[in-house]
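Residue numbers (the numbering used here), protein chains in the order written: chain R, 284 to 766; chain B, 284 to 766.
We put the CB at the ideal spot given by N, CA and C, even for glycine.
Below is one structure, written out as structure tokens, with a few remarks after it.
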Ligand SMILES: [K+]
Ligand SMILES: [K+]
């Protein structure tokens, strides 16, 4: 482990993060709300801590290795998650305890969007802006993590996307490639945000709401500046704009990168994962629509179609926005959408869940097992598009899935141990490990009323989901820390 | 497909099955209850149908191939399940509709032990005996299925146990090996049953109860001749006898086979799966005991220890007997035990679940994935005992697990579609796919009050679980039926 290099990066990161406290401070100035001091103080404190970490090791410029990569990625989210809670703790109105502040901050940064706050409409503008911005920053971090770092680390089968790196990655140099890719992706991310904000604004949102919701839409985050979420605007047009940008943000950003460079859209339809992603969402929308119409739960077609499509896309893509109380929808709809969130978005998108590509690989591998039973001697390759998938990738995907389920079960039991009921425990873990946001039962509206211990378990679940399980899990093994 | 050979075996099977209606008829005679006519009529009808199927093809003695094996195994359970409901339908008191009769019969034969009947204490003796006998016959079928047939078919990684068959199995001859192995296993099974019945009888049960409960104990079935299950006897001694025989029946019968031939017990402790099985049950018992004591739910030590150990072993081994209303136990206990049932018994035992050996392989493979992340170039073998496990077996186990989870989710949604609530739907599928028996929520006592559609879904779940998922799934693929 190159401790000093890790410390240097973390110090830089904190100093950079301290700057992100300034836009909310500006918002506080504009609206004359009480958030000005907390955000300025937080900015200075975080800058100071960052500088304190950075100064003694500012010349430690080792090339980073695989292990350092795991550590940095985990520290990135945990340290920013904790320090991100600072302005919330410092704000006097409302008074937010540490656990809640860190929960809200981590839930924002991991783009989970589970909230412990209520009465969001009445919060100071600066805090309402800050929450949205946390999601946007988190989304940005995820894109870089997913596209530039995870494939190098080989987590959960993501070496599938390591086309450019021939040979094994042991001790491959991580640093140079990240910078180049990251820059291009940030431009795309920024462009999408601007387009989304403009569309919201043209559809009738105030600039404040438009920017705020654009932040949480492209991040597939789900935070809103209102308790009523997207439902607050009561506008099918705004709902559909949101759907379009959730779809775009749920697709592999490497596809957008290609679209940007080649000025073509054809490759989207040639991509297996994109087709599955859109196909799954279309199917879910149709099933939701048909069930709602059959039960007349929302009345006629006019009031049903946009809620059905919006909630299907919002939950299954793991955005977690709501236009209506979908958790009370009839028969299997809430549970079905929650299960769909386990599939989630595409790899290298801001979406959560186990990712569509892994789901497709699991299906194809399951199919191969059946063929092998019938024709024991047949050699069957699992393919994505035209390329055969390496057995090692398939093994990693299986491992990912099994670890996901096992940890899910353990965390659900832990939550029940803190006193939650079965439905709440199940859906709370589901909503956080998939980085979806809203749950069912006691946590369908917000996570404010559950106990502190349960909140910490759920924060761990958010991190697990966002860090593709193994990035975090690996730190808990003795082998990782052995020289 | 050798249709005529399949038909011949099925006809023989039915004729043999018709004989199993005679013992309950004898019981009806002894106790002078109204079951005599239904069982005699059923016996004749089944004999007639069997003969009708057998006569035209009685000379069709083809060697059976792999595909025929899948078909026969599935038909074995479905046809016996359906015809096994006949005496229940024919009995006038109580009146049992077809769906319930088939559910009860299939639940017996698959050793699931979920019941739709209430007031079991007041049923005719013949029916009470018949239910227990169904489980015993089912358990016998499972042992043969698991030890002799599944390894040949290579279902769900069970080729792990195909030590004696060198080379690929395509079109391997199934017939000769089954007979020899089956005979030895039946002796062991019979011996265990006699030992168990004797122990129960010495502990105070009537001969009727002792034989009945011995039947369902060695089959890890869970049916009882009383609504109160083992709790009816209110005897810690009987509970502990039951625990001992559930443990024995939950261990790989090939281990007992070795013990019988080598007159030694040492190999049990050298077997990875047995050690894990016993270790898991010990851990669960301890956690259950500590939690119950900490919450004082059952009062002091004297009333707690035997309920704790009994329910932990009974649920986690998937027997499903109860001595108390464990579904109402505090905090996470009911859900934890239900989750433990997913691990279940050892391979080639009468226990259900995904089987301990698969669970251990999943853990080991998960651990390997973590080591690979840290040391990307390392070659890590997954071992059971001292033997490296073939990658193909590992793939099959992954496939099994993923299919299990996916089908679980689909069936849970289907149940909610029929109107069940989330907790009931979850635990009903869990209790049937693991062949456990009792669930939580609306189905913690019995399955009588849920709708008929839900019952058929659950019957499918029982079959899936009992047939190790893929044996049944493979029949739904076009590739299986293609020439
Ligand atoms: K989200
Ligand atoms: K059972």
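C-beta atoms of residue i and residue j nearer than 7 Å
{"i": "residue 417 of chain R", "j": "residue 389 of chain R", "result": "no"}
{"i": "residue 630 of chain R", "j": "residue 640 of chain R", "result": "yes"}
{"i": "residue 343 of chain R", "j": "residue 368 of chain R", "result": "no"}
{"i": "residue 636 of chain B", "j": "residue 625 of chain B", "result": "yes"}
{"i": "residue 508 of chain B", "j": "residue 411 of chain B", "result": "yes"}
{"i": "residue 730 of chain B", "j": "residue 324 of chain B", "result": "no"}
{"i": "residue 647 of chain B", "j": "residue 676 of chain B", "result": "no"}
{"i": "residue 649 of chain R", "j": "residue 685 of chain B", "result": "yes"}
{"i": "residue 695 of chain B", "j": "residue 696 of chain R", "result": "no"}
{"i": "residue 607 of chain B", "j": "residue 589 of chain B", "result": "no"}
{"i": "residue 423 of chain B", "j": "residue 472 of chain B", "result": "yes"}
{"i": "residue 395 of chain B", "j": "residue 720 of chain B", "result": "yes"}
{"i": "residue 717 of chain R", "j": "residue 601 of chain R", "result": "yes"}
{"i": "residue 329 of chain R", "j": "residue 297 of chain R", "result": "yes"}
{"i": "residue 419 of chain B", "j": "residue 502 of chain B", "result": "yes"}
{"i": "residue 752 of chain B", "j": "residue 440 of chain B", "result": "no"}
{"i": "residue 574 of chain B", "j": "residue 668 of chain B", "result": "no"}
Buried/exposed call for residue i, threshold 16 Cβ in 10 Å
{"i": "residue 738 of chain B", "result": "buried"}
{"i": "residue 557 of chain B", "result": "buried"}
{"i": "residue 671 of chain B", "result": "exposed"}
{"i": "residue 454 of chain B", "result": "Low confidence applies here, because residue 454 of chain B scores a pLDDT of 35, under 50, leaving its location unreliable; read the following figure in that light. Under this definition residue 454 of chain B is an exposed residue."}
{"i": "residue 578 of chain R", "result": "exposed"}
{"i": "residue 351 of chain R", "result": "buried"}
{"i": "residue 704 of chain B", "result": "exposed"}
{"i": "residue 741 of chain B", "result": "buried"}
{"i": "residue 421 of chain B", "result": "buried"}
{"i": "residue 622 of chain R", "result": "buried"}
{"i": "residue 599 of chain B", "result": "buried"}
Rounded straight-line distance, which links the Cα of residue j to that of residue i
{"i": "residue 512 of chain R", "j": "residue 605 of chain R", "result": "6 Å"}
{"i": "residue 387 of chain B", "j": "residue 724 of chain B", "result": "20 Å"}
{"i": "residue 357 of chain B", "j": "residue 468 of chain R", "result": "53 Å"}
{"i": "residue 528 of chain B", "j": "residue 594 of chain R", "result": "51 Å"}
{"i": "residue 523 of chain B", "j": "residue 401 of chain R", "result": "53 Å"}
{"i": "residue 407 of chain B", "j": "residue 300 of chain B", "result": "21 Å"}
{"i": "residue 465 of chain R", "j": "residue 438 of chain R", "result": "19 Å"}
{"i": "residue 332 of chain B", "j": "residue 722 of chain R", "result": "53 Å"}
{"i": "residue 452 of chain B", "j": "residue 632 of chain B", "result": "Low local confidence applies: a pLDDT of 37 at residue 452 of chain B is under 50, so the model's placement there is unreliable, with the coordinate-based value given in what follows. Rounded to the nearest angstrom, the two C-alpha atoms are 23 Å apart."}
{"i": "residue 435 of chain B", "j": "residue 550 of chain B", "result": "24 Å"}
{"i": "residue 711 of chain R", "j": "residue 654 of chain R", "result": "37 Å"}
{"i": "residue 295 of chain R", "j": "residue 689 of chain R", "result": "36 Å"}
{"i": "residue 732 of chain R", "j": "residue 303 of chain B", "result": "58 Å"}
{"i": "residue 341 of chain B", "j": "residue 306 of chain B", "result": "27 Å"}
{"i": "residue 311 of chain B", "j": "residue 498 of chain B", "result": "18 Å"}
{"i": "residue 377 of chain B", "j": "residue 698 of chain B", "result": "27 Å"}
{"i": "residue 761 of chain B", "j": "residue 616 of chain R", "result": "31 Å"}
{"i": "residue 806 of chain R", "j": "residue 546 of chain R", "result": "Because chain R here runs from 284 to 766, residue 806 of chain R falls outside it and cannot be looked at."}
{"i": "residue 308 of chain R", "j": "residue 476 of chain R", "result": "21 Å"}
{"i": "residue 691 of chain R", "j": "residue 564 of chain B", "result": "21 Å"}
{"i": "residue 366 of chain R", "j": "residue 539 of chain B", "result": "59 Å"}
Residues near residue i in its chain [Cβ-Cβ closer than 7 Å; skip 5 each side]
{"i": "residue 702 of chain R", "result": "734"}
{"i": "residue 484 of chain R", "result": "490, 493"}
{"i": "residue 360 of chain B", "result": "392, 393, 746, 749, 750"}
{"i": "residue 661 of chain B", "result": "654, 655"}
{"i": "residue 736 of chain R", "result": "701"}
{"i": "residue 663 of chain R", "result": "651, 654, 655"}
{"i": "residue 518 of chain R", "result": "486, 487"}
{"i": "residue 580 of chain B", "result": "612, 613"}
Contacting residues, own chain, Cβ-Cβ under 8 Å from residue i (five flanking each side not counted)
{"i": "residue 584 of chain B", "result": "576"}
{"i": "residue 381 of chain R", "result": "368, 372"}
Bridge partner(s) assigned by DSSP for residue i
{"i": "residue 666 of chain R", "result": "R:671"}
Other residues of its chain near residue i: CB distance less than 6 Å, five sequence neighbours each side excluded
{"i": "residue 448 of chain B", "result": "The predicted position of residue 448 of chain B is uncertain, since its pLDDT is 38 and thus under 50; no value can be drawn from it."}
{"i": "residue 370 of chain B", "result": "321, 322, 325"}
Under 7 Å by beta carbon: chain D residues contacting residue i
{"i": "residue 760 of chain B", "result": "The chain inventory of the structure shown lacks chain D, comprising the protein chains R and B."}
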